[in-house]
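A.B. asks:
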Amino acid sequence: MSLLLRAEARKVLATPTIWWLLLGTSAIGIAGTLAPLVVADKDAPNLLSDRTLQEAMHGAAAGVILVVVVGIIGMAGEWRFGQAGQTFLTTPHRRRIVGAKTVAYMAVGALFGIVAAAACTATAWIWYRANDVTLPLERSAVWLTLLGCIAVAVLFGVLGVAIGAMTRNQVIAIVGAMGWLVVVEPILFAASQPVFRWLPGMASISLRRQPADGLLSPGIAAAVLVGVLTVVLGLGARLVERDDVTG
Amino acid sequence: MTKRFDGPPVVDDVSFEVTAGTITGFVGANGAGKTTTMRMVLGLVTPTAGEALVSGVRYRDLPNPRRIVGAVLDDPGSHPGHTASAHLGILAAAAGIPRRRVTEVLDLVQLTEHARRRVGGFSTGMRQRLSLAAALLGDPEILVLDEPANGLDPPGIIWMRTLLRNLAAEGRAVLVSTHQLAELAEIAQRMLIIDGGRLVADTTLDALLNGTRRVVEMRCARPGALAEALIARGMSVDRDGDLLVIEGLSPDEAGDIAAEVGAGPVHWLNKRTTSLEDIYLSLAGSLRPGANGERP
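As you go down the protein sequences, you meet chains Y and H in turn.
Using the numbering used here, read the first sequence as starting at 4 and increasing by one per residue.
Using the numbering used here, read the second sequence as starting at 18 and increasing by one per residue.
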């Protein structure tokens with residue numbers, strides 16, 4: 004497994020698109036942090052309220068959907084450029100590849116989450132200082148929200164690998180995942196919160212502590228996400244193992 | 018092995034062995050089943066029936082496959098944004114092959130000066146060389162090469178021919194598919210011909226070339242008289258003006274009969290040589306004019 008992880012690390016390091024997406028995730032995260040602060044009242048009591056802190060800091064995960072894209076590129080990209088054949092010639096037991104990618108893209112997700120969290124924290128700190136307030140990093144509303152954002156990034160890295168394994172088509176996987184998480188789930192949630200709060204995208208919003216009504220508790224949301232990922236990843240690994248590599 | 022996707026078998030009850038120290042040519046038209054057969058050997062496609070064994074075990078059961086089998090597929094299988102060096106480095110890392118081997122194989126396929134270039138900018142010939150470098154990465158004893166000379170320029174083809182000869186001379190088993198039959202005739206000791214998913218020939222190149230019908234072409238003073246005499250003796254004769262094409266005789270025998278029946282003098286006598294292309298077309302039924310509506 005360590006050889007496969009090393010190979011995956013080399014692939015990530017050698018793929019420029021992933022680093023552009025890291026930049027994009029951080030930029031969207033900064034925008035997601037600044038947006039609620041710009042419209043918030045600038046007085047200290049409001050800036051230091053749990054809700055304002057959460058609204059600002061959960062912005063770190065605003066661009067985290069790009070981590071799903073990274074995971075999809077890592078898995079489905081194997082088929083896009085014919086890499087799958089070479090990869091499976093080296094490692095014919097294909098589930099090992101899926102396993103290695105899962106671990107590798109958890110790490111990549113963690114990196115994206117940490118970088119985005121750091122960028123957002125710095126942005127918020129500067130904003131608060133500009134308004135003569137010190138960002139209370141010791142408050143749970145700050146660090147728990149940031150931890151939640153990093154956790155979502157880690158899980159979304161796995162989600163990308165799982166979707167990529169299921170579809171093995173990069174374009175379909177990216178369009179499908181983006182459409183589902185950005186459009187379909189919010190519409191369904193708006194239609195019926197008690198039913199559709201169990202969906203993975205909505206669960207991720209709870210985990211990253213976005214202030215909103217009707218969401219699951221973060222603990223249950225994490226369990227839901229892990230459960231969904233386990234099922235999708237298991238199905239994807241089975242398909243990867245079973246299907247012929249013809250191109 | 019047999020393989021069906023949807024509909025009739027793409028590979029139909031194909032069975033053969035490839036031995037060490039030889040180059041085995043694998044010939045067939047597009048869609049004949051060559052690539053599917055090779056991918057079944059490599060564990061990328063699962064046979065519907067039968068199995069392929071490499072060194073006595075299935076490919077997936079080999080302890081470190083890249084050190085035992087090297088394969089060229091129809092593409093290097095590299096991300097276009099990766100450099101040649103990075104691509105091989107990734108494969109080497111996964112197989113536990115030392116990094117210095119990447120430098121060695123890049124040198125072997127004459128891509129050293131392009132090592133830092135992105136594969137997306139490579140020509141077809143350079144991509145083929147990179148594929149071969151990947152195949153040689155583990156210094157394998159078996160090579161499975163699907164159209165390795167595709168896109169190579171004439172010097173590249175000569176280089177490839179020499180390389181394959183050297184690899185076989187080192188004791189490696191080489192299975193190589195190609196459309197370039199003349200090239201194969203130069204290097205292969207053994208030939209497999211597949212047509213419509215079925216193996217129609219599995220023999221040595223010598224047996225293939227020597228086992229064909231004898232054909233003699235002759236021009237003489239009285240071709241009509243000679244044709245009548247030959248037909249009377251049960252020979253097959255085609256006449257095109259004063260040219261007779263006679264099957265089943267050597268030039269000496271044909272000349273003797275011409276003298277015997279007074280058809281001489283003989284103006285021209287030629288033993289028609291049979292090329293690998295001729296043999297291939299005679300064996301590959303689906304390529305004969307009129308067969309399946311296709312033409313050669």
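Idealized CB from N, CA, C, for every residue including glycine.
When the distance is taken between beta carbons, is H:S194 closer than 8 Å to H:D223?
C.D. replies: Taking the first residue of the second sequence as position 1, residue 223 of chain H is located at position 206. Taking the first residue of the second sequence as position 1, residue 194 of chain H is located at position 177. No. Outside cutoff.
A.B. asks: Secondary structure at H:M235, three-state DSSP: helix, strand or coil?
C.D. replies: The sequence position of residue 235 of chain H within the second sequence is 218, counting from 1. Note: H:M235 maps to strand in three-state DSSP.
A.B. asks: Taking DSSP's pairing of strands, which residues face Y:I33 in a bridge?
C.D. replies: By 1-based counting over the first sequence, the position of residue 33 of chain Y is 30. Looking at the DSSP assignment, Y:I33 forms no beta bridge with any residue, so it has no partner.
A.B. asks: Three or more C-beta pairs under 8 Å: does that hold for the region 56-63 of chain Y against the region 23-41 of chain H?
C.D. replies: Verdict: no, contact absent.
A.B. asks: From the DSSP output, in three-state form, read off H:N309 for me.
C.D. replies: Residue 309 of chain H sits at position 292 when you count from the first residue of the second sequence. Here the model assigns H:N309 a pLDDT of 44, short of 50, so the residue's position is not dependable and the matter cannot be decided.
A.B. asks: Let me make sure I understand the geometry here. Which of Y:V42, Y:V71, Y:I68 and Y:A144 has the alpha-carbon closest to that of Y:S52?
C.D. replies: Taking the first sequence and counting its residues from 1, the one referred to as residue 52 of chain Y is at position 49. Closest option to Y:S52, Cα to Cα, is Y:A144.
A.B. asks: If I measure Cβ to Cβ from H:V122 and keep anything under 6 Å in the same chain, skipping five residues before and after, which residues do I get?
C.D. replies: Reading the second sequence from its first residue, position 105 is the one you call residue 122 of chain H. Within the same chain, H:V122 has close Cβ partners A150, L153 and L154.
A.B. asks: Let me know the alpha helix (DSSP H) ranges lying completely inside the region 106-179 of chain H, each 4 residues or longer, listed in chain order.
C.D. replies: Counting whole runs of 4 or more residues, the region 106-179 of chain H contains the alpha helix (DSSP H) stretches 117-125 and 141-153.
A.B. asks: Please confirm if Y:H96 has its CB atom under 8 Å from at least one CB of chain H.
C.D. replies: The count along the first sequence starts at 1 and reaches residue 96 of chain Y at position 93. So yes, Y:H96 belongs to the interface.
A.B. asks: What are the boundary residues of the alpha helix (DSSP H) that Y:E244 is part of?
C.D. replies: The sequence position of residue 244 of chain Y within the first sequence is 241, counting from 1. Counting along the chain, the alpha helix (DSSP H) containing Y:E244 begins and ends at P221 to R245.
A.B. asks: Identify whether H:L266 lies in helix, strand or coil by the three-state DSSP scheme.
C.D. replies: In the second sequence, residue 266 of chain H corresponds to position 249, counting from 1. Three-state DSSP puts H:L266 in coil, outside helix and strand.
A.B. asks: Do Y:Y131 and Y:L50 have their beta-carbon atoms positioned less than 8 Å apart in this structure?
C.D. replies: Stepping through the first sequence from its first residue, residue 50 of chain Y is reached at position 47. Stepping through the first sequence from its first residue, residue 131 of chain Y is reached at position 128. Going by C-beta atoms, Y:L50 is nearer than 8 Å to Y:Y131.
A.B. asks: Is H:A37 buried or exposed, if buried means 16 or more other CB atoms sit within 10 Å of its CB?
C.D. replies: Locating residue 37 of chain H in the second sequence gives position 20, where the first residue counts as 1. Label assigned to H:A37: exposed.
A.B. asks: With a threshold of 8 Å on Cβ separation, who are the neighbours of H:P115 within its own chain once the five nearest residues in sequence on each side are excluded?
C.D. replies: Counting from 1 along the second sequence, the entry for residue 115 of chain H is found at position 98. A109, listed in sequence order.
A.B. asks: Tell me which residue opens and which closes the beta strand (DSSP E) that H:V39 is part of.
C.D. replies: The sequence position of residue 39 of chain H within the second sequence is 22, counting from 1. Inspection of the sequence shows that residue 39 of chain H is occupied by Thr rather than by Val. From DSSP, H:T39 is part of no beta strand (DSSP E); its letter is neither H nor E.
A.B. asks: Taking H:I210 and H:V44 to be in contact with their CB atoms under 8 Å, please state how far apart those CB atoms are, rounded to whole angstroms.
C.D. replies: Translated into positions along the second sequence, residue 210 of chain H becomes position 193. Translated into positions along the second sequence, residue 44 of chain H becomes position 27. Their Cβ separation, rounded to whole angstroms, is 5 Å, which keeps H:I210 and H:V44 in contact under 8 Å.
A.B. asks: In the DSSP assignment, what residue or residues form a beta bridge with Y:I75?
C.D. replies: Here residue 75 of chain Y refers to the residue found at position 72 of the first sequence. BP columns for Y:I75 are empty, so no partner.
A.B. asks: Comparing alpha-carbon positions, which option in Y:T233, Y:I31, Y:L242 and Y:W82 lies nearest Y:G160?
C.D. replies: Position 157 of the first sequence, counted from the start, is the residue given in the question as residue 160 of chain Y. It is Y:T233 whose Cα lies nearest to the Cα of Y:G160.
A.B. asks: Using a C-beta cutoff of 8 Å, does Y:K14 count as contacting chain H?
C.D. replies: As a working mapping, residue 14 of chain Y is identified with position 11 in the first sequence. Y:K14 counts as touching chain H.
A.B. asks: With the cut-off set at 8 Å, would you say Y:E81 and Y:T90 are in Cβ contact?
C.D. replies: Along the first sequence, one-based indexing puts residue 81 of chain Y at 78. Along the first sequence, one-based indexing puts residue 90 of chain Y at 87. The answer is yes: Cβ separation under 8 Å.
A.B. asks: Below 8 Å, can you find three or more Cβ-Cβ pairs linking the region 20-28 of chain Y to the region 172-184 of chain Y?
C.D. replies: No, the region 20-28 of chain Y does not touch the region 172-184 of chain Y.
A.B. asks: Hey, Y:I31 and Y:T126 are a contact pair by Cβ (cut 8 Å); roughly how many whole angstroms apart?
C.D. replies: Counting from 1 along the first sequence, the entry for residue 31 of chain Y is found at position 28. Counting from 1 along the first sequence, the entry for residue 126 of chain Y is found at position 123. Incorrect: roughly 12 Å between the Cβ atoms, too far for contact.
A.B. asks: Which chain H residues sit within Cβ distance under 9 Å of Y:A17?
C.D. replies: On the first sequence, residue 17 of chain Y is found 14 positions in, with the first residue counted as 1. Within chain H, the residues near Y:A17 are H96, G98, H99, T100, A103, H104, G106 and I107.
A.B. asks: Residue range of the beta strand (DSSP E) that H:L192 falls in?
C.D. replies: Locating residue 192 of chain H in the second sequence gives position 175, counting from the first residue. Unbroken beta strand (DSSP E) run through H:L192: A190 to S194.
A.B. asks: Quick check on Y:Q89 - is its C-beta less than 8 Å from some C-beta in chain H?
C.D. replies: Translated into the one-based positions of the first sequence, residue 89 of chain Y becomes position 86. Yes, Y:Q89 lies at the interface with chain H (some Cβ there is under 8 Å from its Cβ).
A.B. asks: Taking 8 Å as the CB-CB limit, is H:A112 close to chain Y?
C.D. replies: Here residue 112 of chain H corresponds to residue number 95 of the second sequence, with the count starting at 1. By this cut-off, H:A112 is an interface position.
A.B. asks: What residues from chain Y crowd round H:P82, counting only those whose CB sits closer than 7 Å?
C.D. replies: Counted from its first residue, the second sequence places residue 82 of chain H at position 65. By Cβ distance, chain Y contributes L92, T93 and P95.
A.B. asks: Within the same chain, show all residues whose beta-carbon is closer than 6 Å to that of H:R239, passing over the 5 residues directly before and after it, in chain order.
C.D. replies: Your numbering for residue 239 of chain H matches position 222 in the second sequence. Contacts found: A280.
A.B. asks: Looking only at its own chain, which residues have a Cβ that is under 6 Å from the Cβ of H:R77, when we skip the five neighbours before and after it?
C.D. replies: Position 60 of the second sequence, counting from 1, holds the residue named residue 77 of chain H. Hits under 6 Å: G60.
A.B. asks: In three-state DSSP terms, what is Y:G167?
C.D. replies: As a working mapping, residue 167 of chain Y is identified with position 164 in the first sequence. Note: Y:G167 maps to helix in three-state DSSP.
A.B. asks: Does the region 132-143 of chain H come close enough to the region 167-187 of chain H that 3 or more CB-CB pairs lie under 8 Å?
C.D. replies: Yes, they touch.
A.B. asks: Do Y:L242 and Y:A103 have their C-beta atoms closer together than 8 Å?
C.D. replies: Start at 1 with the first residue of the first sequence, and residue 242 of chain Y comes out as number 239. Start at 1 with the first residue of the first sequence, and residue 103 of chain Y comes out as number 100. Not closer than 8 Å, so no.
A.B. asks: I want to see whether chain Y comes within less than 8 Å of H:G60, judged by CB atoms only; does it?
C.D. replies: Stepping through the second sequence from its first residue, residue 60 of chain H is reached at position 43. Yes, because at least one Cβ of chain Y sits closer than 8 Å to the Cβ of H:G60.
A.B. asks: For H:G307, which residues of its own chain have a beta-carbon under 7 Å away from its beta-carbon, when the five flanking residues on both sides are left out?
C.D. replies: Within the second sequence, numbered from 1, the residue matching residue 307 of chain H stands at position 290. Low confidence applies to H:G307: its pLDDT is 45, below 50, so where it sits in the model is not reliable, and the reading given next is rough at best. Cβ neighbours of H:G307 beyond the five flanking positions: none.
A.B. asks: Enumerate in chain order the residues of its own chain whose CB-to-CB distance from H:R146 is below 7 Å, with the five nearest sequence positions on each side excluded.
C.D. replies: Within the second sequence, the letter at position 129 stands for residue 146 of chain H. So the qualifying residues of the chain are V126, Q127 and L128.
A.B. asks: Would you verify that the beta carbon of Y:D247 is, or is not, closer than 8 Å to some beta carbon of chain H?
C.D. replies: As a first step, residue 247 of chain Y is located in the first sequence; it is residue number 244 there, counting from the start. Yes, because at least one Cβ of chain H sits closer than 8 Å to the Cβ of Y:D247.
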